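First residue of the sequence shown? That's 682 in our numbering, and the numbers climb one at a time after it. Backbone N, C-alpha and C define an ideal beta-carbon position, used for all residues, glycine too. Please read all numbers here as calculations on a predicted model, not as lab measurements. Quick notes on the structure that follows.
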Amino acid sequence: MNGSVTGRGVLAAMLLVPYLVQAQAPERMQFCGMDLALSPGARTQIDAHITQIQASPRYFNEMVRRAYIYMPFIEEALQNAGVPDDLKYMAIQESSLRPDAVSSSNAVGFWQFKTEAASEVGLRISELVDERRHIFRSSESAGRYLFKMYEDFDNWLYAVIAYYEGGTGAVKHTDPAYYGAAAMPVTENTHWYALKVLAHKLAFEEALGQRRRPEVTLTPYPTQGETSVRALIERHQADPVQFMEYNKWIVNEKKLPKNSQFTYYIPLQGEAYSGHIPDPTKVPGGGVPDLSPGLTYEAKRELVGTLSTLQEPPPAADTVPAAVPALAEEGGRRGGPDPLAAQDPAVLDPGRAAFFELRKDLHYGIHYVMFEGNTPMTALADRQGVLYSELLVWNGLVPGQEPEPGTLLYLDRIGKQPYHIVRPGERLADIAARRALSPGKIQKRNRMPKASLTIYTGQKLYLTEKKPAGEPVIILTAEQRPAAEPVRSTPPAPPAPRVETPRTVPPAPESAPAPAPGVREVQTRWLEHTVKTGETLWSIAKQYNTKVEIIKQINKLSGDQIHEGQRLRILARE
């Protein structure tokens, strides 16, 4: 096999990585910026895990070989998600860095996501692709999930436990005394999953720190709207078997989904390794880029910003995707004047337009709704009878992202949305590309002159049907409402005294150490809340952006019953 990874190559790679003397758990260690004091019982359990990991030189060296290939992408993804680098060892623990790993509970991929959990973190799974097997996308999504758990507990070790147990299930394995702590003890009673993660860090940290040249170098490229897998392979003259070996996220070996942007990998051997190349389609903070296949390669470079690291030339004329919309103006020739941005509807002749308030439109709340900022996206999805994950996909959002108040949200699947409300500055070509239509088709359905690209802010454009003859241009306007201040039932109380750290750990510093570059912080504060008439644990949890189970754990409540005048300690998240 020309250019493929042979058995001889694997053996040679193993010999390149010396088998390390068995590591041992120390009395203290750093993990995600936290100072951990390991009890004798914890060290015994961690040492047992290390012994198991390093028992076979062949297994250990194979893990290091794979890590040299995949770890740069994992590190980049975690940094983009804003979480500490130490969490990368979880990928080795979860899957042995095998993209096609499948657990007995049908968890799949590098980070072992089940189907439902993968959908919640924005990974695409279909008969064509499974992003749980994509090294960058799955790592980025795992990082965002871990950060979400960290927001709950303000403690990275507890976030690790929550990755295994889930946010609610992890609560009983946490101690509120260490929410927000910079130091904590680890004992034999600490959750076994967390102990195993610490063992993986200790077992692999020295070997991975050598940073040797990987046996196989993966170069990332954007699909540029291409849907033919064969065309991607031929573009790079890659070996088909080896291409699929390192792109197992492609389920169907013939084609990719339309109107989507992916990063694929070209494996190279025996080439000079010039360093890691960043993912060309990543979005700061994580998520899927909102890029149309109709955009040119140069336009994508300008939008993404990281494509400048690639040497990929713009596609040749005969490879330009057919979905590139032609401009309607000047006979529809490409290269004509730029489409006009949406104009102020005040220039419209009142006789040609009908102005009325957005919420009074017949289809408001059925096909679209305005996000006002006082209801979480999850609750909005429940209220509208749609899945939270679908609401995100239909509106180009990522899990955990809350749009700006005043954002219009669509309640139908893209392609089935009957209307588009023009936003300020939007162009007809932008709308056409996003809706997988041509500008000419939108013009025809809205009875617009072929030579005109003029649209108006707030205009209701027909997408699936033709505008009724004689109907004026409909302009929807939103009321300008002042942003509501959050309502608290009681004024914030002074922070409660910090719980003293046990003697087994030195007191945490007055101010937590600065996070590593790229790591996001969580702003939390302790306070005391006095229960008012009619309040429930759920309403209090929402008020302070925390969980009911966490309030119960902090206050040692066995049930959900609370009473007026009761004082509760709260770890409020801001």
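- request: Would you kindly work out how many angstroms separate the C-alpha atoms of Ile1221 and Tyr860, rounded to a whole number?
  value: 18 Å
- prompt: How about Thr1056 and Tyr1069: do their beta carbons lie closer than 7 Å?
  reply: no
- request: Taking 7 Å as the cut-off, decide whether the C-beta atoms of Ala1113 and Ile1123 are in contact.
  value: yes
query: Could you give the residue range of the beta strand (DSSP E) that holds Thr1158?
result: Val1154 to Thr1158
task: Drop a sphere of 10 angstroms on the beta-carbon of Thr1214, count the other beta-carbons inside from all chains shown, and report buried for 16 or more, exposed for fewer.
output: exposed
message: Distance check for Asp716 and Arg709, CA to CA, integer angstroms please.
response: 7 Å
- prompt: Using 8 Å as the Cβ pair cut-off and three pairs as the minimum, do the region 1122-1138 and the region 1101-1108 touch?
  reply: yes
Distance, Tyr749 Cα to Glu952 Cα: 15 Å
query: Can you tell which of Asn1076, Trp792, Lys1223 and Thr908 has the C-alpha that lies nearest to the C-alpha of Tyr1318?
result: Since the displayed the chain opens at 682 and closes at 1255, residue 1318 lies outside it and no answer follows.
Own chain residues within Cβ distance below 7 Å of Ser820, not counting five before or after: Phe754, Ile755, Ala758, Leu759, Ala772, Phe791 and Trp792
field: Identified DSSP bridge partners for Ala1035
entry: Ile1155
- prompt: Are at least three pairs of beta-carbons, each pair with one atom in the region 1198-1205 and one in the region 761-770, less than 8 Å apart?
  reply: yes
field: C-beta atoms of Gln705 and Ala884 nearer than 7 Å
entry: no
query: Does the Cβ-Cβ distance between Ile1156 and Pro1026 come in under 7 Å?
result: yes
task: Please confirm if the region 1203-1210 is in contact with the region 1244-1254, defined as three or more CB-CB distances below 8 Å between the two stretches.
output: yes
- request: Kindly indicate the opening and closing residues of the beta strand (DSSP E) around Asp716.
  value: Met715 to Leu719
query: If we ignore side chains and look at the alpha-carbon of each, how far apart do Leu804 and Asp960 end up?
result: 16 Å
task: Answer with buried or exposed for Trp837, where buried requires no fewer than 16 other C-beta atoms within 10 angstroms of its C-beta.
output: buried
message: At the level of alpha carbons, what is the spacing between Leu1078 and Arg1094?
response: 14 Å
- request: Give every residue of the same chain whose Cβ lies closer than 7 Å to the Cβ of His1101, excluding the five residues on either side of it in the sequence, and list them in chain order.
  value: Ile1112, Arg1116, Leu1142 and Leu1144
- request: Tell me where the alpha helix (DSSP H) around Tyr1049 begins and ends.
  value: No alpha helix (DSSP H) holds Tyr1049; the beta strand (DSSP E) holding it covers Tyr1049 to Phe1052.
- prompt: When the Cα of Arg892 is compared with those of Val802, Gly1240, Gln1234 and Arg747, which residue comes out closest?
  reply: Arg747
- request: Out of Pro738, Glu1152 and Gly1054, point me to the one whose CA is closest to Gly1032's CA.
  value: Glu1152
message: Counting beta carbon pairs with one atom in the region 901-920 and one in the region 769-784, are three or more of them shorter than 8 Å?
response: no
query: In terms of residue numbering, what span does the alpha helix (DSSP H) encompassing His1101 cover?
result: Taken as a continuous stretch (DSSP letters only), His1101 belongs to no alpha helix (DSSP H), being part of the beta strand (DSSP E) at Tyr1100 to Ile1102.
task: Measuring alpha carbon to alpha carbon, tell me which of Thr868, Gly968, Phe1036 and Asp811 ends up nearest Tyr826.
output: Gly968
message: Given this structure, state the Cα-to-Cα distance separating Asp811 from Trp930, to the nearest angstrom.
response: 5 Å
Residues near Val1203 in its chain [Cβ-Cβ closer than 7 Å; skip 5 each side]: Tyr831, Glu832, Asp835 and Arg1254
field: Close-in-space but distant-in-sequence residues of the same chain around Leu1029 (CB under 8 Å, 5 per side omitted)
entry: Tyr1137, Val1154 and Ile1156
message: Quick check: the Cα distance between Tyr740 and Glu926, rounded to an integer number of angstroms?
response: 20 Å
- request: Could you please give the first and the last residue of the uninterrupted alpha helix (DSSP H) stretch that includes Thr1059?
  value: Met1058 to Gln1065
query: Are the CB atoms of Ile1235 and Leu1218 nearer to each other than 7 Å?
result: no
field: Per-residue DSSP class, three states only, for Gln711
entry: strand
- prompt: Can you tell which of Leu889, His1048, Glu801 and Arg1126 has its C-alpha closest to the C-alpha of Tyr1091?
  reply: His1048
query: What does a CB cutoff of less than 8 Å around His1244 pick up in its chain, not counting 5 residues either side in sequence?
result: Val1212
message: So, with DSSP's three-state summary, where would you put Glu1209?
response: strand
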